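2 protein chains.
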Amino acid sequence: MSNIRKVAELAGVSVATVSRTLKSPDIVSPRTRARVLAAVSEADYKPNLMAVQFRSRRTRNLVVLVPTISNTFFARVIGGIQQAAQQQGYSVLLCNTLGREDAERGYASMVTTRQADGVIQLRAYNPFAADAYADTALPMVNACEVLDSPPCPTVKLDNRAAARTLTEHLIDLGHRRIGMIKGPRRSPLTRDRVAGYCDALEAAGIALDERLLCPGDFTPHSGFNAAGMLLACDGRPSAIFCESDEMAIGAIKRVKQAGLSVPGDISVAGFDDITFASFSDPPLTTIAQPAEAFGRQAVSLLIDTLEGRCESPRHVILPFELVVRGSTGSKP
Amino acid sequence: MSNIRKVAELAGVSVATVSRTLKSPDIVSPRTRARVLAAVSEADYKPNLMAVQFRSRRTRNLVVLVPTISNTFFARVIGGIQQAAQQQGYSVLLCNTLGREDAERGYASMVTTRQADGVIQLRAYNPFAADAYADTALPMVNACEVLDSPPCPTVKLDNRAAARTLTEHLIDLGHRRIGMIKGPRRSPLTRDRVAGYCDALEAAGIALDERLLCPGDFTPHSGFNAAGMLLACDGRPSAIFCESDEMAIGAIKRVKQAGLSVPGDISVAGFDDITFASFSDPPLTTIAQPAEAFGRQAVSLLIDTLEGRCESPRHVILPFELVVRGSTGSKP
DNA sequence: TTGTAGGCGTTATCAG
DNA sequence: CTGATAACGCCTACAA
Chain A
1 MSNIRKVAEL AGVSVATVSR TLKSPDIVSP RTRARVLAAV SEADYKPNLM AVQFRSRRTR
61 NLVVLVPTIS NTFFARVIGG IQQAAQQQGY SVLLCNTLGR EDAERGYASM VTTRQADGVI
121 QLRAYNPFAA DAYADTALPM VNACEVLDSP PCPTVKLDNR AAARTLTEHL IDLGHRRIGM
181 IKGPRRSPLT RDRVAGYCDA LEAAGIALDE RLLCPGDFTP HSGFNAAGML LACDGRPSAI
241 FCESDEMAIG AIKRVKQAGL SVPGDISVAG FDDITFASFS DPPLTTIAQP AEAFGRQAVS
301 LLIDTLEGRC ESPRHVILPF ELVVRGSTGS KP
Chain B
1 MSNIRKVAEL AGVSVATVSR TLKSPDIVSP RTRARVLAAV SEADYKPNLM AVQFRSRRTR
61 NLVVLVPTIS NTFFARVIGG IQQAAQQQGY SVLLCNTLGR EDAERGYASM VTTRQADGVI
121 QLRAYNPFAA DAYADTALPM VNACEVLDSP PCPTVKLDNR AAARTLTEHL IDLGHRRIGM
181 IKGPRRSPLT RDRVAGYCDA LEAAGIALDE RLLCPGDFTP HSGFNAAGML LACDGRPSAI
241 FCESDEMAIG AIKRVKQAGL SVPGDISVAG FDDITFASFS DPPLTTIAQP AEAFGRQAVS
301 LLIDTLEGRC ESPRHVILPF ELVVRGSTGS KP
């Protein structure tokens with residue numbers, strides 16, 4: 001491996017001159033520059049980034065904490081993160097946490113051990129809680145599912161408004177008993193969406209029936225099971241609002257398995273607008289989220305934080321859009 | 001940030017002793033060890049990994065080159081990679097290449113610039129082709145879609161046998177005109193699967209009809225479009241073999257849109273057995289691949305290569321399984 | 001414009 | 001068993 005010293009010898013200059021030639025070519029004389037560049041290419045010299053990072057005390061690595069990479073929504077977010085990071089000269093260290101807080105803390109410590117400069121957390125948990133970051137800004141951005149009192153910049157959807165919009169769509173179709181397949185209890189994201197659901201019911205003068213709220217875990221399987229519960233309860237809902245398209249796809253399967261039709265007997269709506277949403281049968285009515293934008297925004301906020309630039313707003317709300325397809329229809 | 005020197009002062013020993021206490025506690029006297037450990041915790045000392053990496057000339061980072069992270073099959077592979085890497089003390093630098101070779105070469109150069117120790121490439125392209133790695137083993141493992149003359153360890157499926165098995169299943173159901181929605185032309189993976197498809201046809205005495213081979217790009221959209229082509233061709237197939245579940249899901253949508261039923265009029269089979277395969281309507285007959293195992297195997301092969309251990313076989317073939325569900329049925 | 005030299009934090013070598 | 005010291009490769013005052 002050729003290092004800067006070899007190049008210097010080859011060019012007959014000092015290492016400082018080589019370094020300068022590479023970093024600010026204009027402050028060395030044209031003749032020297034030419035000689036150095038020739039030596040660089042002759043030696044096939046590539047700066048050792050490990051050394052550069054060590055010296056500059058910055059790795060330009062970002063840790064991404066994702067609950068499950070197999071979730072197609074998160075996969076898109078990560079795609080956005082990767083793209084933005086690369087554009088700004090950063091690399092992405094991917095960590096699949098499966099929602100385990102000890103794992104998250106472990107990965108977050110990659111920042112304290114200087115393997116990475118900052119963290120993008122896609123879940124509502126602060127893995128630095130124990131650490132002291134009194135003096136400097138917490139090197140973290142919280143995106144998608146966001147803490148209630150975030151100690152750092154955030155990127156999220158107005159989940160409450162989105163859920164309200166979707167619920168209103170169902171109410172407009174004549175539905176009065178609307179089931180909801182939620183995310184895990186205690187999640188701020190789910191709480192906000194339930195609030196939006198309640199907002200819509202209340203505005204329409206529909207009483208809340210707690211039995212129509214079933215928890216899931218965002219997977220198709222959990223949607224399938226939760227739909228089974230809803231079908232079994234007396235006063236069966238005529239519409240089901242799922243907190244993710246994956247659960248909606250599971251729910252539709254369950255509804256069909258019960259010999260009912262979607263949306264003929266029961267309307268089903270999802271959330272996220274994943275690719276499969278439009279290929280489902282029937283195609284899913286859903287709330288589209290700008291998944292890649294979540295990732296890109298998170299990256300710029302984090303890099304702003306890391307580099308001390310904080311002009312940009314610290315708490316970003318991204319827009320959603322109601323996408324009406326065939327899985328929802330008038331109340332039978 | 002407290003460094004080893006501070007700890008040494010605090011404990012009243014030399015930095016060497018601190019380093020030794022942390023690395024091999026048994027070679028320092030119990031008294032010293034206690035003093036050092038006390039100082040370590042008092043100073044809340046965390047070794048600076050950048051420095052460690054710099055000195056050891058190893059980052060313990062692995063670059064993963066993935067064509068599209070949004071593909072659920074690759075997402076699972078990455079999950080396996082991440083899990084195995086973490087267990088072995090490595091981190092994963094994720095790079096979404098979108099199949100662009102310049103991007104792949106750029107990311108691969110993270111190894112030559114010492115940001116990472118090795119590369120896991122999930123596509124049939126050698127991003128190091130230009131580089132000279134004569135003396136030492138190429139720090140790469142090629143998994144999933146594998147080069148024909150791989151310059152490194154590989155992990156793959158016996159794609160030819162798998163495609164043959166699936167095609168035979170369709171032939172057993174009485175199908176004689178079997179369409180195939182392939183991957184991109186020129187891909188070794190697709191070529192092998194087409195070969196397996198041909199093997200099965202030939203064994204059954206069915207002549208190959210080139211018009212029944214349609215290329216796609218593994219997305220549901222491309223499956224949808226390709227199915228449209230197949231439906232339009234004269235001598236329409238009674239079964240369609242898709243090279244990915246995602247394309248199969250797209251194909252099913254197209255078949256239904258044409259007013260035909262699956263499998264009543266046309267059988268459709270996929271490949272991969274993604275989660276959505278069993279939630280499709282009808283549920284997909286497919287070839288199950290051990291996605292996470294691809295990732296785990298790739299990681300161990302790569303680490304073996306990097307650490308000079310090469311006992312394990314260099315070219316691993318992973319098992320597949322035919323999963324028969326409702327999307328395939330007897331020829332009408 | 002160019003060279004010299006110190007230091008980033010750690011570990012390994014070599015004495016004591 | 002422990003301490004002093006020299007690297008690792010690079011950048012940047014400071015000096016010439």
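These protein sequence lines are chains A and B, in that order.
Letter by letter, the first sequence follows residues 1 to 332 of the UniProt record's numbering.
Letter by letter, the second sequence follows residues 1 to 332 of the UniProt record's numbering.
Ideal Cβ placement from N, Cα and C applies to all residues, glycine included.
As the structure is a computational prediction, the values presented were derived from the model and not from experiment.
query, result
"Where does residue 338 of chain B sit, in a helix, a strand or coil, going by DSSP?", "Shown here, chain B extends from 1 to 332; a query on residue 338 of chain B therefore has no answer."
"Let me make sure I understand the geometry here. Which of A:Tyr-45, A:Leu-10 and A:Ser-2 has the alpha-carbon closest to that of Leu-22 of chain A?", "A:Tyr-45"
"Please state whether the Cβ-Cβ distance between Asp-199 of chain B and Arg-164 of chain B is less than 8 Å.", "yes"
"Can you give me, in chain order, the residues of the stretch 52-79 of chain B that have a beta carbon less than 7 Å from any beta carbon in chain A?", "Gln-53, Phe-54, Thr-59, Ile-69, Ser-70, Thr-72, Ala-75, Arg-76, Ile-78 and Gly-79"
"For Thr-167 of chain B, tell me which candidate among B:Asp-158, B:Met-180, B:Val-155 and B:Ala-84 has the shortest Cα-Cα distance.", "B:Met-180"
"Counting contacts by CB-CB distance shorter than 8 Å, is Thr-96 of chain B in contact with chain A?", "According to the sequence displayed, residue 96 of chain B carries Asn and not Thr. At least one chain A Cβ lies under 8 Å of Asn-96 of chain B."
"Are the C-beta atoms of Pro-47 of chain B and some chain A residue less than 8 Å apart?", "yes"
"List the residues of chain B that Phe-218 of chain A touches, going by C-beta distances under 7 Å, in chain order.", "The premise fails here: Phe-218 of chain A is roughly 12 Å from chain B at the closest Cβ pair, so nothing lies under 7 Å."
"Below 8 Å on the Cβ atoms is my guess for Thr-113 of chain A versus Asn-61 of chain B; work out the distance and round it to an integer in Å.", "Rounded, the Cβ-Cβ distance is 13 Å, inconsistent with contact."
"Is there a Cβ from chain A that is less than 8 Å from the Cβ of Lys-253 of chain B?", "yes"
"Please identify, using Cβ separations under 7 Å, the residues of the stretch 251-283 of chain A that lie next to chain B, in order along the chain.", "Lys-253, Lys-256, Thr-275, Phe-276, Phe-279 and Asp-281"
"Quick check on this structure: which residue in A:Cys-95, A:Ile-287, A:Ala-38 and A:Ile-69 has the alpha carbon closest to the alpha carbon of Ala-162 of chain A?", "A:Ile-287"
"Apart from the five residues just before and just after Ala-204 of chain A, which ones in its own chain have a Cβ nearer than 6 Å to its Cβ?", "Ile-171"
"Any Cβ of chain B within less than 8 Å of the Cβ of Leu-306 of chain A?", "no"
"My output table needs one value for Val-119 of chain B: the three-state DSSP class, helix, strand or coil.", "strand"
"Using 8 Å as the Cβ pair cut-off and three pairs as the minimum, do the stretch 287-297 of chain A and the stretch 256-266 of chain A touch?", "no"
"Please confirm whether Gln-83 of chain A has its beta-carbon closer than 8 Å to some beta-carbon of chain B.", "yes"
"Would Arg-114 of chain B pass as an interface residue toward chain A - the criterion being a Cβ-Cβ separation below 8 Å?", "yes"
"So, for Phe-224 of chain B: in the same chain, excluding its five sequence neighbours on each side, which residues have a beta-carbon less than 6 Å away from its beta-carbon?", "Gly-250, Lys-253 and Arg-254"
"Which of the residues in the UniProt domain \"HTH lacI-type\" (2-56) of chain A, read from start to end, lie with their CB under 7 Å from any CB of chain B?", "Lys-46, Pro-47, Asn-48, Leu-49, Met-50, Ala-51, Gln-53 and Phe-54"
"Roughly how far, in whole angstroms, is the beta-carbon of Arg-123 of chain A from the beta-carbon of Gly-106 of chain A, given that I think they are within contact range, below 8 Å?", "Not a contact, Cβ separation roughly 14 Å."
"Tell me whether Met-180 of chain A sits in a helix, a strand or coil according to DSSP, three-state version.", "strand"
"Kindly indicate the opening and closing residues of the beta strand (DSSP E) around Met-140 of chain B.", "140-143"
"Jot down the residue ranges of each uninterrupted alpha helix (DSSP H) in the stretch 235-312 of chain A, minimum 4 residues, whole runs only, in chain order.", "245-257 and 291-306"
"Applying a beta-carbon distance threshold of less than 9 Å, which residues of chain A neighbour Leu-93 of chain B?", "Asn-61, Ser-91, Val-92, Leu-93 and Leu-94"
"Go through its chain and collect everything with a Cβ distance to Val-316 of chain A's Cβ below 6 Å, but skip five positions before and after it.", "Val-155 and Gln-297"
"I believe Met-140 of chain A touches Phe-128 of chain A by the beta-carbon criterion, under 8 Å. Please report the beta-carbon distance rounded to the nearest angstrom.", "6 Å"
"I'd like to check one pair, Cys-242 of chain A with Phe-271 of chain A: are the Cβ atoms closer than 8 Å?", "yes"
"Kindly list the residues whose CB is nearer than 6 Å to the CB of Ala-84 of chain A, restricted to its own chain and excluding five residues on each side of it in sequence; keep chain order.", "Arg-296 and Val-299"
"Does the Cβ of Pro-25 of chain A have 16 or more other Cβ atoms within 10 Å, making it buried, or fewer, making it exposed?", "exposed"
"Under the rule that 16 or more other beta-carbon atoms within 10 Å means buried, what is Ala-16 of chain B, buried or exposed?", "exposed"
"Counting beta carbon pairs with one atom in the stretch 52-66 of chain B and one in the stretch 26-36 of chain B, are three or more of them shorter than 8 Å?", "no"
"On a CA-only basis, which of A:Phe-73, A:Asn-96 and A:Lys-6 is nearest Gly-80 of chain B? Give me that one, please.", "A:Asn-96"
"Are the C-beta of Ile-303 of chain A and some C-beta of chain B separated by less than 8 Å?", "no"
"For Gln-53 of chain A, which residues of its own chain have a beta-carbon under 8 Å away from its beta-carbon, when the five flanking residues on both sides are left out?", "Thr-59 and Arg-60"
"Taking C-beta pairs closer than 8 Å, name the residues in chain B that Ile-249 of chain A reaches, listed in chain order.", "Phe-276 and Phe-279"
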